[in-house]
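So the structure is just underneath, and the comments pick up after that.
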Amino acid sequence: MSASNDSLSSPYSAALFTGLWKENPTFRLLIGLCPPLAVTTAVKPALTMGLSVIFVLVCSNIVVSLMRNLIKPHVRIIMFTVTIATFVTICDMFLKAYTPKMSEMLGAYVPLIIVNCLIIFRAEACASKSGMVISILDGIGMGTGFTLALCTLAGIRELLATGHVFDIQVMPKAFVPWLAFQMPVGAFVTLGLILGLITALTRKKGA
Amino acid sequence: MLKLKLFVQESWLLLASSFFFGLLIAVTNAALSGKIEQNKTAKLNELTRTLLPDAAIFQPVQAEIEVTLPDGTKEAARIFEALSADKQRIGWSFMAHGSGFSGDIELVMAADKDFQKLRGYNVLVSSETPGFGDQMKNDYYRNQFVNAPTEPLTLSKTGNPAAVDSQIVAITGATVTSTAVVNLVNTFVVQIKDQMTKKGLIGNVSQQR
Amino acid sequence: MDTFVALLMGFLSVVLVNNFVFTKFLGTCPYLGVSGHLDKALGMGLAVTFVTALSGTLTWMVDAWVLTPLHLEITRYICYIVIIAGAVQLVEMYVRRFFPALYEAFGIFLPLISTNCVVLGICLFLDVWGTNNLLEAVVLSTGTGMGFTVAICIMAGIREELMLSDVPEALKGAPITLITAGILTMAFMGFAGMIK
Chain A
0 MSASNDSLSS PYSAALFTGL WKENPTFRLL IGLCPPLAVT TAVKPALTMG LSVIFVLVCS
60 NIVVSLMRNL IKPHVRIIMF TVTIATFVTI CDMFLKAYTP KMSEMLGAYV PLIIVNCLII
120 FRAEACASKS GMVISILDGI GMGTGFTLAL CTLAGIRELL ATGHVFDIQV MPKAFVPWLA
180 FQMPVGAFVT LGLILGLITA LTRKKGA
Chain W
0 MLKLKLFVQE SWLLLASSFF FGLLIAVTNA ALSGKIEQNK TAKLNELTRT LLPDAAIFQP
60 VQAEIEVTLP DGTKEAARIF EALSADKQRI GWSFMAHGSG FSGDIELVMA ADKDFQKLRG
120 YNVLVSSETP GFGDQMKNDY YRNQFVNAPT EPLTLSKTGN PAAVDSQIVA ITGATVTSTA
180 VVNLVNTFVV QIKDQMTKKG LIGNVSQQR
Chain G
0 MDTFVALLMG FLSVVLVNNF VFTKFLGTCP YLGVSGHLDK ALGMGLAVTF VTALSGTLTW
60 MVDAWVLTPL HLEITRYICY IVIIAGAVQL VEMYVRRFFP ALYEAFGIFL PLISTNCVVL
120 GICLFLDVWG TNNLLEAVVL STGTGMGFTV AICIMAGIRE ELMLSDVPEA LKGAPITLIT
180 AGILTMAFMG FAGMIK
């Protein structure tokens with residue numbers, strides 16, 4: 000983490016907070032876009048997915064950080080993926096055991112966390128270079144940023160497609176569900192418009 | 000020998016950590032596999048129980064009953080005998096599947112103890128379009144199958160969905176899904192009924208009528 | 000003849016109806032990141048097709064002949080990812096040896112294929128779909144790669160045009176690409192239900 004923001008002088012808080020907004024993986028870096036598009040039809044699965052990613056990210060960051068001085072550079076990618084795959088398998092079993100409904104809804108997208116660019120990117124960019132505490136904080140920060148992005152998208156899509164948020168009726172009864180938002184097109188367009196909004200806002204602030 | 004040494008040097012970490020990860024997975028699996036299995040059967044039982052509320056035990060039927068699918072392949076049907084708490088037969092439940100508008104549809108179905116009337120279905124697996132084909136999960140469509148006779152059902156575009164008969168009124172905007180459900184019900188129900196009668200599982204009933 | 004028709008239907012189904020990019024969002028990273036060059040997109044697509052075909056087939060074989068008989072299903076994900084990494088390595092060596100120019104053009108993209116969702120996706124979905132013979136597995140995994148190629152080629156073509164068009168300032172870059180992708184999924188929805 001070379002980001003030396005003035006207001007976030009301590010490297011620890013920097014590691015924790017950059018992932019939330021400044022380097023938000025979904026909205027700013029545009030990496031690991033598959034889950035934000037695929038599992039955001041409702042808030043519940045999105046939240047489950049976000050928590051799973053936090054778990055995998057923190058665990059893999061810990062292990063990678065522990066091994067960082069031992070890894071030979073040319074076998075590092077395979078080491079990272081094997082580590083991630085292990086924790087994803089564990090996470091998958093936990094989901095199957097404790098929230099079978101969510102596990103079924105997420106389906107193949109849980110094992111697909113293995114190839115989520117976000118996790119391997121953090122292993123490469125942060126955990127393989129920094130100590131354990133920073134790696135853990137970075138994992139939590141990035142994971143939370145990812146989860147927040149997921150929930151924002153899911154909230155908008157669920158509200159427009161069903162009139163519910165978190166299974167609670169929000170819109171008045173007369174609201175006609177906008178089913179397109181539950182289909183793939185809704186995912187792409189919502190994310191596209193949010194990104195556009197963010198660009199517009201940040202540009203104004205900069206000027 | 001030199002090559003072996005090089006090999007070990009390059010990959011000892013991979014080997015060691017693989018061992019460690021394997022151990023980790025094995026421990027988790029040992030701790031959770033029982034619960035996962037339990038969840039699977041619990042889900043099936045729960046879905047079946049909504050169809051046959053009085054059932055206490057579901058006993059797999061041992062007799063081999065084969066169903067020929069529309070594409071010509073044969074497969075063994077999975078049928079359960081539903082027993083009440085005092086071991087009286089109160090119905091049958093079985094799995095049925097077929098292809099819908101997008102991807103496969105898998106249902107768990109139930110019939111009464113003489114296999115004369117259906118007790119409805121519950122959806123196990125489906126990926127139909129939300130808002131259209133997905134409506135097959137709604138009571139409006141499902142209730143038409145409750146108490147329908149176990150003979151070939153027909154699909155119509157108009158009619159009275161509340162009437163208890165062999166005519167099913169299609170879901171507006173999802174004709175393909177409606178047809179798929181009716182077809183897969185017909186495929187499984189009729190064949191299972193025929194063969195169970197032949198095997199004598201429900202044979203004596205038709206004579207009583 | 001019947002098997003041939005079934006295989007052809009399965010192939011068309013994964014290329015058009017169940018296109019991974021448009022219906023399952025797999026491989027959106029390279030899809031959105033692909034530059035506006037049609038020829039590069041085609042090369043990338045072909046490389047991915049080759050890897051999906053190879054690793055889809057290999058994982059199916061390992062799954063059906065090794066993991067399932069030995070009841071080692073819990074190690075499935077790890078085995079899959081190792082096989083994929085191996086297949087990518089193989090392709091990389093092959094391309095470097097025989098097509099050095101292509102290797103230069105691919106650059107960093109080639110090793111990154113191993114973290115492409117499409118590749119792991121097909122391995123997992125072969126299992127979800129319950130593919131039960133080798134031929135089917137080969138056809139479906141090749142088709143998935145082709146579907147990906149079709150998707151990124153369409154996108155690259157559109158981006159070539161987008162460069163010359165007047166896009167609102169805030170939507171330039173990724174946002175307009177995503178919205179375009181959304182409209183494309185609607186076009187591909189027209190294929191839904193064509194194949195049963």
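Residue numbers (numbering that gives the first Met the number 0), protein chains in the order written: chain A, 0 to 206; chain W, 0 to 208; chain G, 0 to 195.
Every residue, glycine too, gets a C-beta built ideally from N, C-alpha and C.
Local conformation of T72/W per DSSP, three classes: coil
Backbone secondary structure at T128/W - three-state DSSP: Residue state, collapsed to three classes: coil.
Three-state secondary structure (DSSP) of S155/W: strand
R75/G classed as buried or exposed, judged by whether at least 16 other C-beta atoms fall within 10 angstroms: buried
Residues sharing a beta bridge with L43/W, DSSP: Beta-bridge pairing links L43/W to no other residue.
Opposing strand residues paired with A121/W [DSSP bridges]: Looking at the sequence shown, residue 121/W is not Ala but Asn. Paired residue(s): V107/W.
Separation of F93/W from F79/W, as counted between CA atoms: 6 Å
Chain A contact for F93/W (CB, 8 Å cutoff): no
Limits of the beta strand (DSSP E) - the one that E80/W falls within: Run containing E80/W: 78 to 82, per the beta strand (DSSP E) assignment.
Cβ of L106/W within 8 Å of any chain A Cβ: no
Cβ-Cβ distance between D53/W and I24/W below 8 Å: The Cβ atoms of D53/W and I24/W do not sit closer than 8 Å to each other.
Beta-carbon separation (whole angstroms), G185/A vs A160/A, contact threshold 8 Å: Contact holds; Cβ gap of about 7 Å.
Below-8 Å beta-carbon distance, M66/A vs any chain W residue: yes
Nearest neighbour of A45/A, chosen from F165/A, P176/A, T201/A, I197/A [CA to CA]: F165/A
Presumed contact (8 Å Cβ cut-off) between L119/G and I80/G, rounded CB distance: 7 Å
CB contact flag (I151/G, G55/G, <8 Å): no
Residue closest to L105/A, alpha-carbon to alpha-carbon, out of L56/A, L29/A, M48/A: M48/A
Proximity test, Cβ basis, 8 Å: E63/W and chain A: no
Enclosing beta strand (DSSP E) for M94/W [first to last residue]: 88 to 98
Span of the alpha helix (DSSP H), counted from its first residue to its last, around E135/G: 133 to 161
Own chain partners of D138/W with C-beta closer than 6 Å, once the 5 adjacent residues on each side are dropped: none
Length of the line joining the Cα atoms of K156/W and L15/G: When rounded, the distance between both Cα atoms is 30 Å.
C-beta atoms of E127/W and T176/W nearer than 8 Å: yes
Contact check, T178/W vs L200/W, beta carbons under 8 Å: no
C-alpha gap between G85/G and T48/G, whole angstroms: 15 Å
Outcome for N132/G when other beta-carbon atoms lying within 10 angstroms are tallied against a minimum of 16: exposed
Which listed residue (W91/W, A81/W, T67/W, K116/W) has its alpha carbon closest to that of G97/W: T67/W
D133/W to W177/A span [Cα, whole Å]: 15 Å
Given P71/G as reference, the closest of F187/W, V163/W, S32/W once Cα atoms are compared: The question names Pro, but residue 71/G is Leu in the sequence shown. Nearest option by C-alpha distance: S32/W.
Interface flag, Y102/G vs chain A, CB-CB below 8 Å: no
Exposure of L85/A, with buried meaning 16 or more beta-carbon neighbours within 10 Å: Contrary to the premise, residue 85/A reads as Thr rather than Leu in this sequence. Buried, since its Cβ has 16 or more Cβ neighbours within 10 Å.
DSSP three-state assignment for P176/A, whether helix, strand or coil: coil
Straight-line gap, A104/G to H36/G (C-alpha atoms, nearest Å): 12 Å
Buried/exposed call for R118/W, threshold 16 Cβ in 10 Å: buried
Beta-carbon spacing of F116/A, F24/G below 8 Å: Before going further, note that residue 116/A is Cys rather than Phe in the sequence given. No, the Cβ-Cβ distance between C116/A and F24/G is not below 8 Å.
Helix, strand or coil at L7/G [DSSP, three-state]: helix
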